[in-house]
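Participant: Attaching a single structure in structure tokens format; questions to follow.
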Amino acid sequence: MAKISTANGNLTDLSPEEEKQVISGFARNGEAEAKEGDTFFLLSLRWWRLWSAFVNQSPTITTNEGSSMEYQGSGRRPPSIDNSDLICKSFSEDSTPEIYDTLVEGTDYILVPEEIWNQFYAWYGGGPALARKVITRGSSQTELTVEVYPLRLQLHFLPSVDHHALKMSRKETIGALHKKACEFFHLIPYQVHIWDFYGRCKHALLNDLDATLDDANIQMDQDILVEVIGHNGSCKSVVQKNGCAYIDNGVSKSKSCNSNMSQFPNLCLTNKAATIKTGSCVGLIGLLNLGNTCFMNTAIQCLVHTPQFARYFLGDFHQEINRDNPLGMQGELALAFGELVRKLWAAGRAAFAPRAFKAKLSRFAPQFWGRNQHDSQELLAFLLDGLHEDLNRVKQKPSNKSKDTDGLPDEQVADEYWANHISHNDSIIVDVCQGQYKSTLICPACDKTSVTFDPFMYLSLPIDSESAVSIYSCIEGFLREEPLVPEDMWFCPRCKERRQATKKLDLWRLPEVLVIHLKRFSYSTTIRSKLETFVDFPLHDLDLSTYVANNKNSHGSPQVYQLYALANHYGNMGAGHYTAHVKLINQNRWYRFDDSHVSGIIEDDVKSNAAYVLFYRRMKTDTNGIGTHSFEFCLA
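Heads up: the sequence shown begins at 2 in the numbering used here, then just goes up one per residue.
Have a look at this one:
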């Protein structure tokens, strides 16, 4: 093979296979050696694929979108490293490169150890180099993460209008921040206090100079107040002290073995004390209100923060799109929702306007057109059903004949009903959200009993008109035996007449994610009213075991759930407002999503009489029957 000049002037005659072996060797040597302070480099996924095609002798590269990108034939070396698609266009050679806020690891870039970057640069040159440090995070400070996005902070010196933006690592100290603030505004250090100034109000005095910014819960894009103290101890800036919440974002956690580096399985850097995981604990991006669209923003945030849906729509879901389903929307709703998920789980936290999704929604559901306020639960029901139809794996539905189930045990009948349902409806929505209940009708004249087993997507629970009730009492009210209303009489097959039968519902099969709708609104021809009743519901350990009639299930694991999201409605029917409360599971922290504004809240503030739609996830149990978290969730 001809000798090839490298960036440092040396010559190399390595074959593609030899280059691959060199990089694999670095990966093997680096295994189990990752530690805090190590340097990783961002590498454009586009360039990585060119090199991978070269060393694997692949003539074409398949993109995430499924299209093929032609290269100049196998055996041709890729050009110089090109990270230009990762950096803002305003970057100049004499300034530090700024990367886009919305980059996603594994989609836009990969992270490589310093030794691998140096070798690539020696062979190919190019750049720019985008170096990032490994830091420790987590409650035990043993989880290694690559800080792709250092903190962006805004320093405010009041009462003047001076402000200054700076970037700092989460592992730098409050003392370092204090020093930089004094240097920038030319202040005497002992006369300066700095405050957590989130929301432009004082939250906490940052006086522990040895604590890190991470310890102090300083977050991405947070405001910091720089305050000068007078000789008598009074402050020279006038800012009302108030309690404020905080938000969290911006670290990209990198696992070295991912789908894009699968040809190097040893690029998985772990040690006994820590593990580098893929992705960043993001998911704190708000949505701009387009005019009374808080109902839509709230529904979107609850769905997007359902872990199974986030994983699914960030993955390659396109192969499951059913464009020929006459009940669907040719996959357009699923594609639009998938794009929303991608944007809302990107790094950074700049809110954006979901105009494209709103336009698509209005096209397929004209009832949500315009700028009128709508019911968030009605939108949720439409989205779940629409996404199911767009993603239904059943392309040709069989014609199932009804069977005589008289005398058969309930378990067998229920399984046949469910199998029939799945033969027509099979999607990620069914996998995650659909359950089954038993419906029993009894004729008051001849005692004829009819039992059916029907699927449900959510439970709509009645609320007793009291000042405060328990969610368990709401469930019991939903399951209570009661006569049918006169307008909904049942035709008894034995009497051959319509009868006001009694109806009894029982839970039979519960889903992984249980959506509970609290029926706060009532409608009549002249009156629309809302119940402001406080419904007490558990954040942890919602145990529904006693309400499940399935005998097989009663001998299995408990049906225990944990709350992770809820939609709130404040105000009356005509002038109300929706917000979402969401728990980021990996952080064990709750946040309020109020359109574009995202703020942290304490667990005690999650519940209120505004709770409208609750999202619970099933908890796994260990061998002793003790509930455990069903999964951790951390995405790029």
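Ideal Cβ placement from N, Cα and C applies to all residues, glycine included.
Let me confirm a value: Q397 is counted as buried when at least 16 other C-beta atoms fall within 10 Å, else exposed. Which label applies?
Facilitator: By the neighbour-count rule (16 or more Cβ atoms within 10 Å), Q397 is not buried but exposed.
Participant: How would you call N393, buried or exposed, if buried means at least 16 neighbouring beta carbons within 10 angstroms?
Facilitator: Its Cβ being crowded by 16 or more others within 10 Å, N393 is buried.
Participant: Just list the residues that DSSP pairs M169 with in beta bridges.
Facilitator: Paired residues: L152.
Participant: Nearest by alpha-carbon distance to V56: which of F121, D102, V105 is it?
Facilitator: Measuring from the Cα of V56, the nearest candidate turns out to be F121.
Participant: Taking the alpha-carbon of E513 as reference, which of L545, D489, T534 has the nearest alpha-carbon?
Facilitator: Here the closest residue by C-alpha is L545.
Participant: By DSSP's criteria, T441 is part of a beta bridge. Which residues make up the other side?
Facilitator: Looking at the DSSP assignment, T441 forms a beta bridge with V452, K505.
Participant: To the nearest angstrom, report how far apart D83 and K180 are at their CA atoms.
Facilitator: If you take the alpha carbons of D83 and K180, they lie about 37 Å apart.
Participant: For K242 and L564, I'd like the C-alpha separation in whole angstroms.
Facilitator: Residue placement at K242 is poorly supported in this model, since its pLDDT is 36, which falls under 50; the coordinates still yield a value, given next. If I take the Cα positions, the gap works out to 33 Å.
Participant: Using a Cβ-Cβ cutoff of less than 7 Å, which residues in the same chain neighbour E321 once the five nearest sequence positions on both sides are dropped?
Facilitator: Only L392, R394 meet the Cβ criterion.
Participant: Under the three-state reduction of DSSP, which class applies to K359: helix, strand or coil?
Facilitator: Helix at K359.
Participant: Beta-carbon within less than 7 Å of R324's beta-carbon, same chain only, minus the 5 sequence neighbours each way: which residues are those?
Facilitator: These residues qualify, in order along the chain: Q331, G332.
Participant: Since W419 and R510 are thought to touch, with beta carbons under 8 Å apart, how far apart are those beta carbons, to the nearest angstrom?
Facilitator: Confirmed, Cβ separation roughly 7 Å.
Participant: Which residues share a DSSP beta bridge with K584?
Facilitator: The partner list for K584 (beta bridge, DSSP) reads W591.
Participant: Give the DSSP-derived three-state secondary structure of R618 in the structure shown.
Facilitator: Strand, per DSSP.
Participant: Determine the DSSP secondary structure at D489, reduced to helix, strand or coil.
Facilitator: In this structure, D489 counts as helix in the three-state DSSP scheme.
Participant: Starting from R125, trace the alpha helix (DSSP H) both ways and give me its first and last residue.
Facilitator: A quick correction: the sequence has Tyr, not Arg, at residue 125. That run of the alpha helix (DSSP H) goes 115 to 125.
Participant: From this set, I443, F535, R364, which residue's C-alpha is nearest R495's C-alpha?
Facilitator: R495 has its Cα closest to that of I443, out of I443, F535, R364.
Participant: For T174, name the three-state secondary structure that DSSP assigns.
Facilitator: Three-state DSSP puts T174 in a strand.
Participant: Pair every Cβ in the region 469 to 476 with every Cβ in the region 442 to 457, then say whether three or more of these pairs are closer than 8 Å.
Facilitator: No, because fewer than three Cβ pairs between the region 469 to 476 and the region 442 to 457 fall closer than 8 Å, the two stretches do not touch.
Participant: Hey, could you find the ends of the alpha helix (DSSP H) E513 is sitting in?
Facilitator: Neither: E513 is in no alpha helix (DSSP H) and is coded neither H nor E.
Participant: Pull up the CB-CB distance for R153 and A132, whole angstroms please, since I reckon it's below 8 Å.
Facilitator: Actually they are not in contact, since the Cβ atoms of R153 and A132 sit about 18 Å apart, beyond 8 Å.
Participant: Go ahead and pull the three-state DSSP assignment for F318.
Facilitator: Looking at F318 - three-state DSSP - the assignment turns out to be coil, as it is neither helix nor strand.
Participant: Considering only C-alpha positions, which residue in the set L206, D224, K203, I175 is nearest to D163?
Facilitator: The shortest C-alpha separation from D163 is found at D224.
Participant: If I measure Cβ to Cβ from L380 and keep anything under 7 Å in the same chain, skipping five residues before and after, which residues do I get?
Facilitator: F296, M297, A300, F369, listed in sequence order.
Participant: Determine the direct distance from the alpha carbon of V193 to that of V229, and round the result to whole angstroms.
Facilitator: So the alpha carbons of these two residues sit roughly 5 Å apart.
Participant: Helix, strand or coil for D432? Go by DSSP, reduced to three states.
Facilitator: Here D432 sits in helix by DSSP.
Participant: Alpha carbons only, please: which of G126, N290, Y125, T146 is nearest the one belonging to V135?
Facilitator: V135 has its Cα closest to that of T146, out of G126, N290, Y125, T146.
Participant: What are the partner residues of R133, as DSSP defines its beta bridges?
Facilitator: Partner(s): F41.
Participant: Inspect the CB distances between the region 109 to 117 and the region 42 to 57 and report whether three or more fall short of 8 Å.
Facilitator: With a cut-off of 8 Å, the region 42 to 57 and the region 109 to 117 count as touching, because enough Cβ pairs lie within range.
Participant: Looking only at DSSP bridge pairs, what is G128 linked to?
Facilitator: Answer by DSSP bridge pairing, in chain order: D83.
Participant: Bridge partners for R50 per DSSP, in chain order?
Facilitator: Its beta-bridge partners do not exist; DSSP assigns none.
Participant: If we call anything under 8 Å between Cβ atoms a contact, is A612 one with N569?
Facilitator: Their beta carbons are under 8 Å apart, which means A612 touches N569 by this criterion.
Participant: How many Å lie between T547 and L334 at the Cα?
Facilitator: Those two C-alpha atoms are separated by around 38 Å.
Participant: Mapping DSSP to helix, strand and coil, what is P17?
Facilitator: If DSSP states are grouped into helix, strand and coil, P17 belongs with the helices.
Participant: Comparing C-alpha positions only, which one of S53, R618, Y150 sits nearest to S25?
Facilitator: Among S53, R618, Y150, the Cα nearest to that of S25 belongs to S53.
Participant: Quick one: residues in its chain with C-beta nearer than 6 Å to the C-beta of N290, no 5 flanking neighbours on either side, listed in chain order?
Facilitator: Closer than 6 Å at Cβ, skipping near neighbours: D596.
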